[in-house]
Each structure stands twice: as structure tokens, then as C-alpha cells.
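Line order of the protein sequences matches chains A and B. Numbering (this note's numbering) for the first sequence: 3 to 577. Numbering (this note's numbering) for the second sequence: 2 to 698. See below for the structure under consideration.
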Amino acid sequence: MTSRHRSRAGNPTPTLSPIDVELLRNGLASICDEMYTAIMKSAYSTNIKERHDHSAAIFDARGRVVVQGESLPLHLASMLGLVEVVLERYGREGIRAGDMFISNDPFVGRGSHLPDVSILAPVFRDGRLALFVSNIAHHSDIGGMAPGSMAGGMTEIYQEGLRIPPVRIVAGGEIVDDVMQMILLNVRVPHERRGDYNAQIAGNRLGLRRLEELFQRWSAEQIESGTQAIIDSVARRMRTGIRDLSDGTYRFADVLDDDGMGITDIPIKVTIRIKGDEIWFDFAGSAPQVRGNMNNSFAGLQASALYALKVLIDPDGPTNHGMLDPVHITAPEASVVNASFPAATAARAQTCQRVVDVILGALARAVPDRVIAASNGANGVATFSGHGPGGKYYLYMETIGGGAGARTYKDGTDGVQVHITNTSNLPIEALESEYPLMIERYELIGDSGGAGKWRGGMGLRRVYRGLDHTLTFSGQGERAVHPPWGLLGGKSGGRSKIEVLHDNGKRQPLAIKPSSLEVPPTAVVSIETPGAGGYGNPRQRSKEKLEEDYRSGKFSAGFMKKHYAFVPKKSKRKP
Amino acid sequence: MLNAYLLRVKAHHLMTVFIGVDVGGTFTDFSVSLPGEHREIVYKVPSTPADPDRAIVAGLRELFAQHGIAAGSVVRLAHGTTVGTNALIQRRVGKVAVVTTEGFRDLLEIRRQTRPKVYDIHMDHSVVLVPRELRIEVRERMRADGQVHVPLHEKSVEAAARKLAKEAVNCVAVCFLHAHAYPKHEQRAARILRRVLGKNVAVITSSSVYPEFREYERFSTTVLNGALLTVMDAYLARFSRAVGALGVKAAPTISQSAGGLMSIGMARRSPIRSALSGPAAGALGASYRARTAGFADVITLDVGGTSADVALLTRGEPDLVHSRTLAGFPLRLPALDVNSVGAGGGSIAWIDRDGLLKIGPHSAGAVPGPACYDLGGTEATVTDANVLLGRLNSEALLDGRMKIRADLAAAAVDRLAKRIRLDRLETAFGMVRLVAAIMVKAIRTISIERGHDPGRFALFAFGGAGPLHGSEVARELGISRVIIPPNPGILCAEGLLNSDLVADFVQTALALFSATSLARINRVGNALTARARQWFQREQVAPADRRADWSTDLRYAGQNFELSIPCPAAPLAARDLDEIAGRFHTAHEQAYGFKQVGEPIEFVSLRVKLLGVLEKPELAKLAPRAPGKPIHTRRVAIAKDAWRDAPVYRRLDLAPGQQFEGPAIIEQMDCTTPLFPGDRMRVDDWGNLVVDLAKGA
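Here you go:
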């Protein structure tokens, strides 16, 4: 079905026409999407099945990502280095048809945190290694000190869970039961986890079958030159986009509240240099790695920087290894943005969010019309576990969104997942049927959107109660101290807060990264996530917008008066 | 008004007339069947989007006059409407308020807490239909197991009602947590609201609109239904009056998203059920035609100017899905599993920043249209490519009424070709292949990804541009046979003639799928049985015409997505459970590649689909005639650098049984079918073109 096109001078491989490249890319992307959906629908972990915290990708034989399906920016991180590591460990000759490799370690496996487990399968054609398919999924538990493997209070990776180096989980087409048993013994609720591993393996098998079919249409040479062209095309998109940015050097800094282990005000700094169609990110000046689990691996840093750049210059384009081509990233060794063994990394998403914020802040001068003010800058996590009234052990983890930064021409979004994560909430009716928990409130927090010509998005309040049992709660927030900043005169958004509210009226404020706290059924855990910064001078906000802010009840009269000098007309307000 | 379903007269006894009318954006199509006279009439009038019923009345009047039809002999008038869909897209809907559980007024606004596109920080979801000040909380709370956690505080409901009385709302939607399973609080709150607000405000509950778990989707569906109540009520009343005034005595019926028809009464109560009915009628029309012609397993491909709709029919039955989006909001109601993609005749070709050629989803539409229409469009569209390849007539379309400027098509394609350094024809070929690839991807989603091998199916191509791309799409999917109906452009109207009355009911109650939960499962079953009986009675379906298909939604305990497994009618016996469980394991393996025998299975919902079987006119057969001869020949590009002379036939000239081999072109008023070398075409008894594709092409 494809025609061979003229070769470039001096290039022995046939090049495909721009039409054939697009057709091949379509075909590979379809396969990724199908793997993604199959895993989502058959998995057990809430993170995968309902919150879609998983991704699928196809790599070329050299281990470069060619297509990544609909998926999370952070997962690209764990994908970028995975095949390289497997190739280094096993060599091409050590990788056989029917093998699948499993890995989750940020250090030896170049992942980003332990709960994200990758499973990789080589694809052979006529006895030759041609491609790889892989998927990554966030498991509800990977063992370690605390249920959910995400809690704070740990200082080295051994405490965070089971470290899996790249090893075979499938050999000769059969699951390697020795390895599977070893993993399952180390994780909580093993029968559910088995379902997750099964879903991931089946997802890869599906990808392998689909590629077999694709091979009937495309020759080996066509695939080789086609995948190269797909990577090149993304590199070209990136270069075109970077060329549109003004040359120059841009700086910005922000601070993380704390690491949950006593280290506070942790700086994240970036210096960005743009010249022609290339860009350099240097994170010199960022804090040394911390005791707590806020450390980011280099892969996580790469993914965050690529995300921030892509939203500014090419939001609609595909993601693959070509994105790295014009991008140079440096960061001090053993720093909070480029951690070394044995740093704890479970909460690296908090740091990734802040890396995105500082990049957008730095580039505000270069592209003020495309950046947005600081978003909630956190990845609020709540983990609940315990023995329900029936005595059965349960474990539930979720992440909560917050405000999104105001834009140059409209308000920021209220109560939403931002930047490097976009996981869905679990419906309350699903949550309460499955776990002995009750959500008592889930709402926007009044006055939490930073004032501005365009206001920042609002934070979320979610209130949890353990039904008829004492539960164990661990949480993780950010921006309880340093609020999300506004841009060009816009004000800061609301800060986050975690409290236990007892039915007798007693308020018990908690640190923003509480670990393994017991909460009786006569109290609720209330989590408030940060809002977001405003954009532009609040005094320029339109009358219609001000009236809507007030009428909707999202902002109090006091707030409106203080920031906007707005005095409502009488009796316009419905509670 | 006489009830149409009681008029079960035998078609050959007296003159009976069946009419299907489908209102589209540009045309209002009529398909008329007079089975007594073995006659079918197709008719088109321009649509009147502001008041769609005007075009219907005008068209009916003309039809009755031109064909000597007495209005009183119409026994079925089935109507497909997009009034609801358009009202929602334009947000010209009723004013809705929401009364909800304390602590959750923002739920409709928070949605699922995600943004529409990961890398797009500028894009937002549609603005919530109910502004925050009209979302009022009342004190009440049910637990997941039906225990009352906080009793309904009636005073707070009364206070809410009094507040809303001043707001001139059209509808109040009562949306409480866990009401899908435990609706008592919702029902009591609704009674209080009705009492205070009086007759002029419709009060609906989430548990009556669609009692399924997952609160956001249920609330969203309820609000959408509420928003359409006034719009559809006004439209349907006007429509019924207007056709009544013409002398039509049969009660009109309205087409549904899940396929099938509903009475006007049901459509006024549940207007949201009509919202995605457009593509469903086409799929049903294809199903009826394909089954009549002896093909049970078909994939439908309906291509218009801006989009392609595809559906899969096994043994003539389309699959249902239970969640779709409408105007940017989730809708949890059964709908035919029709997959729509932005690929049609007007789709624009463009070069992306990576230098690769892309097609759509932007379309030149009817105005400014493809470059070759000379209506102001300058961008290269799929239609322009087809003109350059000789597949479409390069002088005129629509029986000569619309002039075509091939030179403008060439200029538009040349501009693209230059930028990707290919020649004109290579580029035109590329465009046609890319648009086919988009359609192929859409079909893969509903076939391969659902565990069906498309190679076992025939492709049923219709819509103005479906037959143009059918064979290319079929070949890519390993399909060997393509079927093209006699009037590809009005199949939706025809589908309305061949549908039954349909209703779907569902009830959720999470339970372990085992003998210990049998009583709970059967309580749900009994409730559904009662609703089914009530529906049959209300819709006056005679006992002999009643059908009920039961299924149960199951998953492994701990999963979150269910598979619908057919089951016997409620109540179930303990021995049924094993067999159903066995089917579930098999279905899971087919869908996801593995099964977990021994793991507990969870029962989520029971569903029943009810049919009130209606009499359907037989499809008319094509009258015998002398085989048609080509009217001329033209040069058609088969592949790059391979032009062939192809005889051009007029579709109206073709006789039943006539067959020939490609290359050839078959032209009709609003549609062109190319046959490629080696493809064998036969006209069947009903006038369908049945094309067997050349092997190995």
C-alpha cells in the first residue's frame, strides 16, 4: 500500500513521503490508544481504572519513544530511559521474543517513583529486534513502610517500597512465577495487584498482536525509516516553536514549603537560555536533595521541563523522543531536582509541579500572552487505610486538584488537576461503595482564587470520615506557607490546609505532610488545596465579572472590597 | 387521536402509508413507503432550522399532493429530530435549578476534576448549565448501603423552594447522592418542591431520569434532560398539532439515541433520549436493508460533508454504549455505539508544523465549500481530491445542477503539493488515503477493539460520500464486500420506517454476584419487571408484540468497568448464576486478553431493553428493466501513474441482476460510486449495489 519515495542523497534507507509517515504514525498511535484503554478497563487499582494514571508507548529498536498514547506527561519520564537500561543490562542478544521486563526503580531503572511500574516487551520481526511496546501504571501499593507507598516521613528509598530492577516478568511467553510471587508477597492487597499486573501484561500482548498485523503492511525498512521520520518530525515541531521565542536569558525562583522531615523553604531555581531553535534549562541554585520524599529524579525533571515547554510552543503535537532533540537540561547532582541514590522520591510530583511553575514564571517575560500565573503547585495526596467495620483491611489513595493559574485573557479554572497530572476523581458513590469511608463535603473554597484582572482558579475542600472505625491517614500538600503567585499585578491564590475536625467542635490543625495519623469515626479529615494566582491588576477587572464573582457566592463581600474595592448592590446575593 | 400502534392493518388490504422524516441541517428528508402499491418515494425539501416543523409540513403537503396520498391513510409518521441537540449546542434551553445534598453544590462544576486536554492550558470544559446561585444545598445524606446518615430536613427543602419560586426557573432537578439505589429522599424532596412551586415548574429527580451510580454523570444527564424539557415540549406540541391539522391521524413517533422510536408522550418526559438519535436512524436503516438483502453482519459507514459515522451490527443488531458526551457534557443513557470522526467530503487538507500532511477535522462545510464548488472556498478538500482523480464528475454534480470547477480544485491541491514537494496527483492520492485512514481508525475502535474481526463483516456505505471511500476503507480492514443502498443520501429517513418502539431501563445495586445475593438481585429485577409492564401498558403494546432483552453488568470485584452480559428475564435462579458467570469470564478474556476465574464477580446493574414490535413495510423491489448502458466514459486515476478509461453508468438505469466489473463509475443525484479494476458489482433485487472487491488488490 505504500510507495517508496526518492532517497535523500547519501542516505541508503528509503525515505517515506510525508503522507506515508503520517499514515504510519496513525497506525502506531491507534495501537497505543488501544493498549491504554484495555489496561484502564481491566485493572484493579483505583489509580488506573478510574483515575487513568497509566500510559502506553512504542519504542524503536534503539529504545527511543516513537509514540506515546494519550497519557500523562510524568510517565514520559519513566519511558525515556527504560529501554536503554534494559539494553545496557541484557544486551540485544540477551533479549528474546516472548520476554517482558518489569521495572520501577528511579535509580537503576530510571523511573520516577516506586508505585509507577513499567512492563516492557520487545517486538521481533523475522528474528530481528524491531520495536518495543511498553506500559506504565501507578499501582495502589508497592509495599514499604506505609500503606499506599506514598506517605511522607521516609528518608530513603528502601522505606518507600519494593525496588524492582529491570528483570523478566515474562519469559518465553509465560509469566515468570518466581518473580511474580516475590513481588506479590511484598505488596498490600496482593490479589488486586495480581489483577493489575495481568492487565499490564495483557496490554502488551495486545500491542504485540497489533504490531504483527501492522508488519503485514509495512516493510522492515519502511518501519525503520518511518519511526525515524516520526521522531524527526516532533524534533522539527519543537525547533520551530523555540525559534518563535525571543532569544535571551530568563530566570525565576520559588520555594517549596517543606519536605515533611523538618527542612523548610526549599528553593527551586531555573535559568533558561534561548538561542535560535535550541533551549537550555539550568537548575543551578536549587536546594540539595532533602531527607523527605520530595526528591525528583532526573527523568522526572526532564518530563516536567518538556511539559512546560510543550504547553507554550506545541500543545497539539505528539510526544516522543524528538522532544529532547533541541532541549538541554542541567541540574546539580544530588539536588532536590536531580536526586541521587538513596533519596526518597515518592512525592516527586510536588516538586515536578513547582518546576513547571518556575519555568512558566521565567518565560513570562518572553511570552506573557501564553504563560499562566502559578497554579496550585501541588499534587495533594490523601491515603486512608484501616480495618473497616467488617474487619476487612482496605487501602485507598487519591489525589486532589486545586486552582489553575489565571490566563492573559480569562480566569483560571476552579478545582482541577493541573500540569503534570490530570487524573480523574473517584465518584463518591463508587468510593463509598468500595471503602468504609464517607465524603462529607467536596466543594470550592471561598475566596481562594487570587485577585486580578483575570482571577486565579479556586482550591478544593474535601472532607473525609471513617465510618464506624478508626482510620489511618497520611497526607501530602504544598503551598500551605508560600501561596501560588500572581503575574503582572495579579494577587496570590489561597493557601492549603489540612485539619482534623472533631464532632465536639475541636479543630486539630495538622502539618501539611502528616504521616500515619489515627482518626476516630467521631472526627473528619478536612483537606483544603491551594487556589491559584491572578493575572493583571485587579482594579481592571470588569464589572460583569465582579458581579458574577459575588453573585455566585465564590467570593465574600470582604474579599471583594479589599481587592477590588467592589461594593455590591443590595440584595443581589443568593447564599 | 388514533393510536398508530393499534392500526395493525395488513398492508395489502388497503392503501396504507408509512412515512419517515429526518431533519438535517441542510435538508429535510422523507422516505415514504406504500407497501400496498409496492412503491417507495424519496423526497427532499430545504430545512427551516428556526422552526423545523415548517419544512416537515411543507414537504408533507407537497408529497400528499404530488402522489395523491390521503393524509388519513398515513399509519406511521416517524420523526428524527435534532431540535434537542441543537438547543443544547446553542445553549438555548430552559432555566434549570438544582437541589442537591449538602456539601456538594459544586459537584456539577468540578466535574471529574480533570481538564479536557493535558497539554492545553487554555482550553476549558463547557460552562456548567446551572449557575452556582441556582444550585441549592439541602440537609440530607444516604449512605452507600441505604442507611440514612442525615434525615431529609424538610424545612431546608421548603426554604429552597421558596427561594426558587422567585427565580422563574422552568425546571428543578433534584440530585442527591446514592439516589440511584435509594431514591426516597429525592422523591420526598420532589413532592415538597412540587407543592410549593406549582404546576408551571417541572420537578425531576436523578433517580427517575437514569438510576445508575457515578453521581456526576447521573446529575449531568438529569440536568441535560431538565434543560430540554421546555424546548422539546413546545416543539413536539407544535409538531403534533401541525401534522394533525394536515389530517394525519396516526400518533407521530420520535427517534431515540438508542435506536428505535418513542411516543410523543415519552419524548416530552424524556427529551434527552432523542438527543443523539441522528446517527442511530442511519445505522438502523442499514441494518434493515442489509438483513433483507441477506447480510446480517455489517459495519456501517455514513460519510457526509464534515464527519463519518461508523457502527457495527452483529446479526443485524447494533451494539449499545451507555455513556456519550453531548455539547461537552457527559450523558449516561444508552445510545447506539456509533463512532463519529471529523472526516468527510468537505474536510480540509493542511500541512502541520512538522511538515506532514493532515486531513480535517476542519471542514469547508457547504459554505464556503470545497474549492471546486466556486463558492468562495480556496482550501483543498477531500472532494477536490476526488474531482482531480476523476472519481467525482469534474464538470457538474447533483444531476448537473451544481457546476464543478476542476481548475480551482487543481490550484488548491497544487498549493499544498508544492509545500510537501510532491506532485498534484500524489498529493490528491495522499489526501484520499489519509481520509480513508481516519475512517479505518474509527472502525477499528468499534470492531477490533471490541473483539470483532472486521474481515467477517460487509461494509455498508452510505451518506453522500460513503460510497466514494467505501472500497478503500474496506480493503484496509480486510473486508471483501461493500453494499451501497439505492438512496444512500436518505437512509436515515428510511431507517425511521423500520424501527420499533424501544425503551431501556436500568437499576444499579452493587452486590456480590453469588447465590447469597440472589434476593437482592431479584429485588432489582422485580422492580424492573414492574416498570417494564407499566411501559408496555402506557405505550399500548399488544402482548404478542412485546419483547424484553435482559442483561446484567458485571465486573471482577475491585474493577471499575463493567461488561454487559445477556441473561434470562428476572427473577434469576441460582443455577443461572454459574452460566452467566461463565459468559462473563469468556467476555472478559475476549475484551481484555485475560480472565481471573475464581476471583469474585460483582453485580453492578440489571438492564432491560423493551421492544414494542411495530409492523414494518417491506422494502420495495427494483422493477425489472433492460440492463443499463454506460452514458459515456471518463479517465479515472486508479493508482499513481495509472489512469484508466472507466464507463460511467447512471444509477437509475441499472436493472436488478445486472452485473459488471470495474473500472466503472456509477453516478446518481447526490452520490457517486467508483468501482476499481477487478471489483465485481451486482445489483440485487432491492436495488442495492453489492460489490465484491478484487482479491489481493
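For glycine and all other residues, C-beta sits at the position ideal for the given N, C-alpha and C.
Asked: To test your reading of the DSSP string, which unbroken beta strand (DSSP E) runs of 3 or more residues are found completely within the region 110 to 138 of chain A?; Found: 118 to 127
Asked: Taking DSSP as the reference, what is the three-state secondary structure of S9 (chain A)?; Found: Below a pLDDT of 50, predicted positions are generally treated as unreliable, and S9 (chain A), at 35, falls in that range; the measurement from the model is reported next regardless. In this structure, S9 (chain A) counts as coil in the three-state DSSP scheme.
Asked: Give the residues from the region 190 to 205 of chain A that approach chain B closer than 9 Å (Cβ to any Cβ), ordered along the chain.; Found: V191, H193, E194, R196, G197, N200, A201, I203, A204, G205
Asked: Which chain A residues sit within Cβ distance under 8 Å of E600 (chain B)?; Found: H193, G197
Asked: Can you give the Cα-Cα distance for A5 (chain B) and A79 (chain B), rounded to whole angstroms?; Found: In this predicted model, A5 (chain B) has a pLDDT of only 38, less than 50, meaning its place in the structure is not dependable enough to derive any value.
Asked: Residues in the region 539 to 566 of chain B with C-beta within 8 Å of chain A's C-beta atoms, listed in sequence order?; Found: Y557, G559, Q560, N561, F562
Asked: If I'm right that G496 (chain A) touches I447 (chain A) with Cβ under 8 Å, what's the distance once you round it to whole angstroms?; Found: 6 Å
Asked: Please report the distance separating the alpha-carbon of T353 (chain A) from that of V135 (chain A).; Found: 29 Å
Asked: Residues of the region 348 to 381 of chain A in Cβ contact with chain B at a cutoff of 7 Å, in chain order, please.; Found: I374
Asked: Assign S2 (chain A) to one of three DSSP states: helix, strand, or coil.; Found: Nothing in the structure corresponds to residue 2 (chain A), since chain A is present only between 3 and 577.
Asked: Do you know offhand how far D125 (chain B)'s Cα is from L321 (chain B)'s?; Found: 29 Å
Asked: Alpha carbons only, please: which of B:F461, B:V175, B:G456, B:A291 is nearest the one belonging to N499 (chain B)?; Found: B:A291
Asked: Note down, in chain order, each residue of its chain lying with its Cβ closer than 6 Å to the Cβ of L285 (chain B), except the 5 sequence neighbours on either side.; Found: G260, G496, S500
Asked: In the structure shown, what three-state DSSP assignment does Q218 (chain A) receive?; Found: coil
Asked: So with Cβ pairs under 7 Å, would you call I430 (chain A) a contact of chain B?; Found: yes
Asked: Starting from C176 (chain B), follow its DSSP beta bridges and name the residues at the other end.; Found: B:T101
Asked: Give the interface partners of N427 (chain A) over in chain B, defined as CB-CB distance under 9 Å, in chain order.; Found: I111, R112, R113, Q114, T115, Y217
Asked: How should S275 (chain B) be labelled, buried or exposed, when 16 other C-beta atoms within 10 angstroms of its C-beta is the threshold for buried?; Found: buried
Asked: If you follow the alpha helix (DSSP H) that I205 (chain B) is part of, which residue opens it and which one closes it?; Found: Counting along the chain, I205 (chain B) falls outside any alpha helix (DSSP H), though it belongs to the beta strand (DSSP E) covering 203 to 206.
Asked: How would you list, in chain order, the residues of chain A whose beta-carbon sits under 9 Å from the beta-carbon of K96 (chain B)?; Found: Under the 9 Å cutoff, chain A gives no residues; its nearest Cβ is about 14 Å from K96 (chain B).
Asked: In three-state terms, what does DSSP make of S481 (chain B)?; Found: coil
Asked: Buried or exposed for I360 (chain B), please, with buried defined as at least 16 other CB atoms from any protein chain shown within 10 angstroms of its CB.; Found: buried
Asked: Report all residues from its chain with a CB closer than 8 Å to the CB of L512 (chain A); omit the five preceding and five following residues, and keep chain order.; Found: G477, I500, E501, V502, L519
Asked: Which residue's Cα is closest to the Cα of F126 (chain A): A:D62, A:D180, A:V357?; Found: A:D62
Asked: Using only alpha-carbon positions, find the residue among A:A148, A:L489, A:P168, A:A79 that is nearest to R409 (chain A).; Found: A:L489
Asked: Got a sec, what are the start and stop residues for the alpha helix (DSSP H) P486 (chain B) sits in?; Found: Counting along the chain, P486 (chain B) falls outside any alpha helix (DSSP H), and DSSP gives it neither H nor E.
Asked: Using DSSP's beta-bridge definition, name the partner residues of E138 (chain B).; Found: B:T101
Asked: Using a 10 Å radius around the Cβ and a threshold of 16 neighbouring Cβ atoms, would you call I90 (chain B) buried or exposed?; Found: exposed
Asked: Using the C-alpha atoms, what's the distance from H54 (chain A) back to L314 (chain B)?; Found: 30 Å
Asked: Which same chain residues end up closer than 7 Å to E36 (chain A) when comparing Cβ atoms and leaving out the 5 residues on each side of it in sequence?; Found: L208, R212
Asked: Using a Cβ cut-off of 7 Å (strictly closer), state whether D107 (chain B) contacts chain A.; Found: yes
Asked: Starting from the beta carbon of Y444 (chain A), find every residue of chain B whose beta carbon is closer than 9 Å, and list them in chain order.; Found: G104, F105, D107, L108, I111
Asked: Round the Cβ separation of Y398 (chain A) and F386 (chain A) to the nearest angstrom and send it over; I've been treating them as touching at under 8 Å.; Found: 5 Å
Asked: For E501 (chain A), which of helix, strand or coil comes out of DSSP?; Found: strand
Asked: In angstroms with no decimal places, state the Cα-to-Cα distance between T223 (chain B) and N137 (chain A).; Found: 37 Å
Asked: Just to confirm the assignment, what range does the alpha helix (DSSP H) spanning E110 (chain B) have?; Found: 108 to 111
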